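Novice:
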Amino acid sequence: MPLLDRSGLKVETFARAENLDDAAGDIIVPWANVQAVLDAGAGNHRLGVDIPNNISIDEILPLADKLDLISVPFPSFADGRGFSLAKQLRDRGYRGVLRAQGKLITDQFAYALACGFDEVEPADEVFARQPIEQWLAALTRITNVYQRGYDGAANILDQRRAARAAKAAQGESKEASHV
Amino acid sequence: MYRYDEFDERFVRERVAQFRDQVARRLDGSLSDDEFKPLRLKNGVYLQLHAYMLRIAVPYGTLASRQLRQLALIADRYDRGYGHFTTRQNMQFNWPKLRDVPDILGLLADVEMHCIQTSGNCIRNVTADHFAGVAADELEDPRPTAELIRQWSSLHPEFSYLPRKFKIAVTGAEHDRAAVKVHDIGLRILKHPQTGEIGYEVIVGGGLGRTPLIGKVIREFLPKDELLAYLEAAMRVYNLEGRRDNKYKARVKILVHEIGVEEFRKRVEEEYAKLNGPSINADPAEVERIAAYFAPPTYDKLPGDSKAYVAQRAANTAFAQWADASVFKHRVPGYAALTISLKTIGEAPGDITSAQMRAVADLAEKYSFDELRVTHMQNVVLPHVKQSDLFAIWNALREAGLAEANVGLVTDIIACPGLDYCALATARSIPIAQAIAKRFQDQQRQRDIGPLGIKISGCINACGHHHVGNIGILGLEKNGVENYQITLGGDATENAAIGDRLGPGIDADEVPDAIERLVEVYLSQRLKDEPFIDTVRRVGVAPFKDAFLAKDSSKTQEAEHAAA
Numbered sequence: 001m002p003l004l005d006r007s008g009l010k011v012e013t014f015a016r017a018e019n020l021d022d023a024a025g026d027i028i029v030p031w032a033n034v035q036a037v038l039d040a041g042a043g044n045h046r047l048g049v050d051i052p053n054n055i056s057i058d059e060i061l062p063l064a065d066k067l068d069l070i071s072v073p074f075p076s077f078a079d080g081r082g083f084s085l086a087k088q089l090r091d092r093g094y095r096g097v098l099r100a101q102g103k104l105i106t107d108q109f110a111y112a113l114a115c116g117f118d119e120v121e122p123a124d125e126v127f128a129r130q131p132i133e134q135w136l137a138a139l140t141r142i143t144n145v146y147q148r149g150y151d152g153a154a155n156i157l158d159q160r161r162a163a164r165a166a167k168a169a170q171g172e173s174k175e176a177s178h179v
Numbered sequence: 180m181y182r183y184d185e186f187d188e189r190f191v192r193e194r195v196a197q198f199r200d201q202v203a204r205r206l207d208g209s210l211s212d213d214e215f216k217p218l219r220l221k222n223g224v225y226l227q228l229h230a231y232m233l234r235i236a237v238p239y240g241t242l243a244s245r246q247l248r249q250l251a252l253i254a255d256r257y258d259r260g261y262g263h264f265t266t267r268q269n270m271q272f273n274w275p276k277l278r279d280v281p282d283i284l285g286l287l288a289d290v291e292m293h294c295i296q297t298s299g300n301c302i303r304n305v306t307a308d309h310f311a312g313v314a315a316d317e318l319e320d321p322r323p324t325a326e327l328i329r330q331w332s333s334l335h336p337e338f339s340y341l342p343r344k345f346k347i348a349v350t351g352a353e354h355d356r357a358a359v360k361v362h363d364i365g366l367r368i369l370k371h372p373q374t375g376e377i378g379y380e381v382i383v384g385g386g387l388g389r390t391p392l393i394g395k396v397i398r399e400f401l402p403k404d405e406l407l408a409y410l411e412a413a414m415r416v417y418n419l420e421g422r423r424d425n426k427y428k429a430r431v432k433i434l435v436h437e438i439g440v441e442e443f444r445k446r447v448e449e450e451y452a453k454l455n456g457p458s459i460n461a462d463p464a465e466v467e468r469i470a471a472y473f474a475p476p477t478y479d480k481l482p483g484d485s486k487a488y489v490a491q492r493a494a495n496t497a498f499a500q501w502a503d504a505s506v507f508k509h510r511v512p513g514y515a516a517l518t519i520s521l522k523t524i525g526e527a528p529g530d531i532t533s534a535q536m537r538a539v540a541d542l543a544e545k546y547s548f549d550e551l552r553v554t555h556m557q558n559v560v561l562p563h564v565k566q567s568d569l570f571a572i573w574n575a576l577r578e579a580g581l582a583e584a585n586v587g588l589v590t591d592i593i594a595c596p597g598l599d600y601c602a603l604a605t606a607r608s609i610p611i612a613q614a615i616a617k618r619f620q621d622q623q624r625q626r627d628i629g630p631l632g633i634k635i636s637g638c639i640n641a642c643g644h645h646h647v648g649n650i651g652i653l654g655l656e657k658n659g660v661e662n663y664q665i666t667l668g669g670d671a672t673e674n675a676a677i678g679d680r681l682g683p684g685i686d687a688d689e690v691p692d693a694i695e696r697l698v699e700v701y702l703s704q705r706l707k708d709e710p711f712i713d714t715v716r717r718v719g720v721a722p723f724k725d726a727f728l729a730k731d732s733s734k735t736q737e738a739e740h741a742a743a
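Which chain is which? The protein sequence lines are A and B, in order.
Reading the first sequence from the start, the letters are residues 1 to 179 in my numbering.
Reading the second sequence from the start, the letters are residues 180 to 743 in my numbering.
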């Protein structure tokens, strides 16, 4: 399946595997197996995990330091749970790679990045209709957003605040020059 | 009222361009029909029975004259010369072509309007008390809060693919005119009983539809500046835990009902405790910036009762009667808030022609500081008119065919579009409303009956809010025939209540008689000046039920007579 981030297509370095023996390089294992893999010691492998999207992040956080990548599924583009999971993982300190995997569409790319995802692994069927150009173009549609505390596009509230501060500073310096 | 700054302007323009691109990508096959559907819905474009329908946001029901004139232009150019105000203070056009929609959105953007999130599984257009800034019982104007939420919820990266739609309403008054207890989240502005600080009571899990439920308080007092972070926590719990296996169980009310309000509150508070509030909330200067747009207009200093108005009332009974029904007391002496009825007998509730839109826009410009409100009762309000201008306004409204003296009365009926337009409907609503209005059109009788809210929905989704009608009517389909269930005792105010069903459903042509029998019970049971809903509360449903069912007994008697 293709892999992309905000700068374009990426080379996939991870392979999905049931356990350490199944692949030589970086692997993504199912959530059910991750504890066993960690217990065995991941060695030189970079380790990722496929989580279900109905999991509580409280189950993931104790292992988060040991996970190089967390892949969050979107079984349907209409299922927005993954956005909240990513936002929670980022807010609670997860610094590894966050991947959105599944049936996302280009119109959700900016949302995914804003919620803390680094990359998207879209379904082949979707990517066949929505090539990389459309994914990148989707990021240019909306310049500013209204929400504070999300990544990506600059937020309007802080820009208004900065404009107010600049105006106030200008006013002060004017007053000073009068004196 | 609120005016766009450079950021709002650019945002809405970019959203129009984005939708234009989405339409193009649907046409070239990049987007499947399934994928395009929520994208068009989030821009207010529905596929109805006969055509596309476009739902335009009127945030918290506030409109300027130039905006209403633009709606009139769109009605003439792209529709059939009229529009329809909805129970969520929005405007719908029933006949636009899909290819015209991007151009219509451009015209809307020209007057700082849009269709963003008037449908779809996202946070919908925020509604508020239509007498905001007018009512004497108001603690604080709810519209700055509603505007803050409008901005915050627009294209929200995390909450645009919710389990189901999400409706927020705000009131700042003692008397609830925004139906906050039947919304997914209702906010009531209040003063902290000890400190006097302004904040919100947060109500969650109200709603109508298949499973009508009254909302429950999850936060007695939320400090005003913590609003957005708290909403983020509540929305996150819903987004993660709301049911996605069954569309009819996906609203937050079902989650609250299934896990219990205590557990829901606990989960929201746990999430809230982990958030970094100051990084999410709007700073007070931003809240002040928005609030400044809603500062009261510059009223003239007038005596409490206009002498001219008193004289005109005395000289003209029809005018006095119209004013009695239509005028709401303004907090400023000498002024009035005027409700214009869009319930002319024989017309579809909430419909307004382009000529009427222009007439109303002219009146707002001339007499009401250029401002209008749309009510969830599907009427229009001129919020700040001088009492001394009411007579001139009445004459202008008569010319425009908008002087029906029935606001709040039995013929001021709320109805969804029903089977005449809607793809979901199981029965017609508009003809039922028209038949009841005709039956009760006698002015004297309407006034004698007094305040009585009838609400009609053409299917179980309850867009006509029938559950909270003093008399509610739900149109269903039974063996290929339209069939109407009647409920009694519903209330959308601070005394929110879901109506009780009176008995088996009845045929369309039996509805006016059934309403008549209920009204007769009321008239025979009421105490002096007691409104319909109070009588129902005092005497209970039983006598009404008996009268409702009397239809069958009279039939049975006839049958017995025939047999004898």
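Using N, Cα and C, we set each Cβ at its ideal position, and we do this for glycine too.
Source: prediction; values computed, not measured.
Would G384(B) count as contacting chain A if we go by Cβ distances under 9 angstroms?
Specialist: As a first step, residue 384(B) is located in the second sequence; it is residue number 205 there, counting from the start. So no, G384(B) is outside the interface.
Novice: Within the continuous beta strand (DSSP E) that includes E119(A), where are the two ends?
Specialist: Position 119 of the first sequence, counted from the first residue, corresponds to residue 119(A). That run of the beta strand (DSSP E) goes E119 to P122.
Novice: In this structure, does DSSP put V313(B) in helix, strand or coil?
Specialist: Along the second sequence, read from residue 1 onward, the residue named residue 313(B) stands at position 134. Here V313(B) sits in coil by DSSP.
Novice: So, is F190(B) buried or exposed, given that buried needs 16 or more other C-beta atoms within 10 angstroms?
Specialist: As a position in the second sequence, residue 190(B) is number 11, starting the count at 1. Per the 10 Å Cβ criterion, buried.
Novice: Taking Cβ to Cβ, would you say Y183(B) is nearer than 9 angstroms to E317(B)?
Specialist: By one-based count along the second sequence, residue 183(B) stands at place 4. By one-based count along the second sequence, residue 317(B) stands at place 138. No. Outside cutoff.
Novice: Using beta-carbon positions only, say whether V49(A) and P30(A) come within less than 9 angstroms of one another.
Specialist: Taking the first residue of the first sequence as 1, we reach residue 49(A) at position 49. Taking the first residue of the first sequence as 1, we reach residue 30(A) at position 30. Contact: yes.
Novice: Report yes if the C-beta distance between V559(B) and T496(B) is below 9 angstroms; otherwise report no.
Specialist: One-based indexing of the second sequence puts residue 559(B) at position 380. One-based indexing of the second sequence puts residue 496(B) at position 317. No. Outside cutoff.
Novice: Determine the burial state of A721(B): buried for a count of at least 16 other Cβ atoms within 10 Å of its Cβ, exposed for fewer.
Specialist: On the second sequence, residue 721(B) is found 542 positions in, with the first residue counted as 1. A721(B) is exposed by the Cβ-count criterion.
Novice: Cβ of C294(B) within 9 angstroms of Cβ of F338(B)?
Specialist: Counting from 1 along the second sequence, the entry for residue 294(B) is found at position 115. Counting from 1 along the second sequence, the entry for residue 338(B) is found at position 159. The answer is no: Cβ separation not under 9 angstroms.
Novice: Determine the burial state of P463(B): buried for a count of at least 16 other Cβ atoms within 10 Å of its Cβ, exposed for fewer.
Specialist: The residue given as residue 463(B) occupies position 284 in the second sequence. P463(B) should be labelled exposed.
Novice: Following the continuous alpha helix (DSSP H) through N574(B), name the residue where it begins and the one where it ends.
Specialist: Locating residue 574(B) in the second sequence gives position 395, counting from the first residue. Looking at the DSSP string, the run of the alpha helix (DSSP H) that includes N574(B) is L569 to A579.
Novice: As a quick exercise: from A452(B), P528(B) and G388(B), pick the residue whose alpha carbon is nearest that of I748(B).
Specialist: Beyond the ends of chain B as shown, which are 180 and 743, falls residue 748(B); an answer cannot be given.
Novice: For a quick check, are the C-beta atoms of V511(B) and Y488(B) less than 9 angstroms apart?
Specialist: Here residue 511(B) corresponds to residue number 332 of the second sequence, with the count starting at 1. Here residue 488(B) corresponds to residue number 309 of the second sequence, with the count starting at 1. No, Cβ-Cβ distance for V511(B) and Y488(B) is not below 9 angstroms.
Novice: Measuring CB atoms only, is the stretch 104-121 of chain A touching the stretch 321-337 of chain B, in the sense that at least three cross pairs come out at less than 8 angstroms?
Specialist: Taking 8 angstroms as the limit for Cβ pairs, the verdict is that the stretch 321-337 of chain B does touch the stretch 104-121 of chain A.
Novice: Can you find a CB in chain A that lies within less than 9 angstroms of the CB of G208(B)?
Specialist: Translated into positions along the second sequence, residue 208(B) becomes position 29. At least one chain A Cβ lies under 9 angstroms of G208(B).
Novice: Starting from R398(B), trace the beta strand (DSSP E) both ways and give me its first and last residue.
Specialist: Working through the second sequence from its first residue, we reach residue 398(B) at position 219. Run containing R398(B): K395 to P402, per the beta strand (DSSP E) assignment.
Novice: In chain A, which residues lie with their C-beta within 7 angstroms of the C-beta of E337(B)?
Specialist: Along the second sequence, one-based indexing puts residue 337(B) at 158. The contacting residues are F83, S84, K87 and C115.
Novice: Kindly indicate the opening and closing residues of the alpha helix (DSSP H) around D289(B).
Specialist: Against the second sequence, residue 289(B) aligns to sequence position 110. Segment V280 to D289, the alpha helix (DSSP H) holding D289(B).
Novice: For D462(B), go through chain A and note every residue whose CB falls closer than 8 angstroms to its CB, in chain order.
Specialist: The residue labelled residue 462(B) in the question sits at position 283 within the second sequence. What D462(B) touches in chain A: L157 and R161.
Novice: Select from D404(B), Y409(B), L250(B) and I459(B) the residue whose C-alpha is nearest the C-alpha of I531(B).
Specialist: On the second sequence, position 352 is the one that residue 531(B) refers to. Cα-wise, what sits closest to I531(B) is L250(B).
Novice: Applying the criterion that 16 or more other CB atoms from any shown protein chain within 10 Å of the CB defines a buried residue, is V660(B) buried or exposed?
Specialist: Along the second sequence, one-based indexing puts residue 660(B) at 481. Looking at its Cβ environment, which holds fewer than 16 other Cβ atoms inside 10 Å, V660(B) is exposed.
Novice: By DSSP, does T714(B) sit in helix, in strand, or in coil?
Specialist: Locating residue 714(B) in the second sequence gives position 535, counting from the first residue. T714(B) falls in the helix class under three-state DSSP.
Novice: For chain B, find out if any of its Cβ atoms is closer than 9 angstroms to the Cβ of Y111(A); answer yes or no.
Specialist: Within the first sequence, the letter at position 111 stands for residue 111(A). Chain B, which has a Cβ nearer than 9 angstroms to the Cβ of Y111(A), makes this yes.
Novice: Could you please give me the residues that DSSP links to H263(B) through a beta bridge?
Specialist: As a working mapping, residue 263(B) is identified with position 84 in the second sequence. Looking at the DSSP assignment, H263(B) forms a beta bridge with Q271(B) and D530(B).
Novice: By the 8 angstroms beta-carbon criterion, what residues does the stretch 213-245 of chain B contribute toward chain A?
Specialist: From the stretch 213-245 of chain B, only E214, P217 and L218 have a Cβ closer than 8 angstroms to chain A.
Novice: Measuring CA to CA, which of L218(B), Y231(B), R245(B) and D212(B) is closest to K545(B)?
Specialist: Start at 1 with the first residue of the second sequence, and residue 545(B) comes out as number 366. The shortest Cα separation from K545(B) among L218(B), Y231(B), R245(B) and D212(B) belongs to R245(B).
Novice: Please classify M1(A): is it buried, with 16 or more other beta-carbons within 10 angstroms of its beta-carbon, or exposed?
Specialist: Sequence index remark: in the first sequence, residue 1(A) carries index 1 (1-based). Under this definition M1(A) is an exposed residue.
Novice: Compute the beta-carbon to beta-carbon distance between T266(B) and Q557(B), rounded to the nearest angstrom, for a pair I have assumed lies under 8 angstroms.
Specialist: The sequence position of residue 266(B) within the second sequence is 87, counting from 1. The sequence position of residue 557(B) within the second sequence is 378, counting from 1. Yes, they are in contact, since the Cβ atoms of T266(B) and Q557(B) sit about 6 angstroms apart, within 8 angstroms.
Novice: Residues of chain A with CB closer than 8 angstroms to the CB of Y701(B), please, in chain order.
Specialist: Mapped onto the second sequence, residue 701(B) falls at position 522. The contacting residues do not exist; Y701(B) stays about 47 angstroms from chain A at best.
Novice: How long is the line joining the alpha carbons of R248(B) and N269(B), rounded to whole angstroms?
Specialist: Taking the first residue of the second sequence as 1, we reach residue 248(B) at position 69. Taking the first residue of the second sequence as 1, we reach residue 269(B) at position 90. Going from the Cα of R248(B) to the Cα of N269(B) covers about 15 angstroms.
Novice: Does DSSP put V179(A) in a helix, in a strand, or in coil?
Specialist: Here residue 179(A) is taken as the residue at index 179 of the first sequence, counted from 1. Interpretation of V179(A) is limited by its pLDDT of 49, a score under 50 that renders its predicted location unreliable; the figure taken from the coordinates is listed afterwards. Three-state DSSP puts V179(A) in coil, outside helix and strand.
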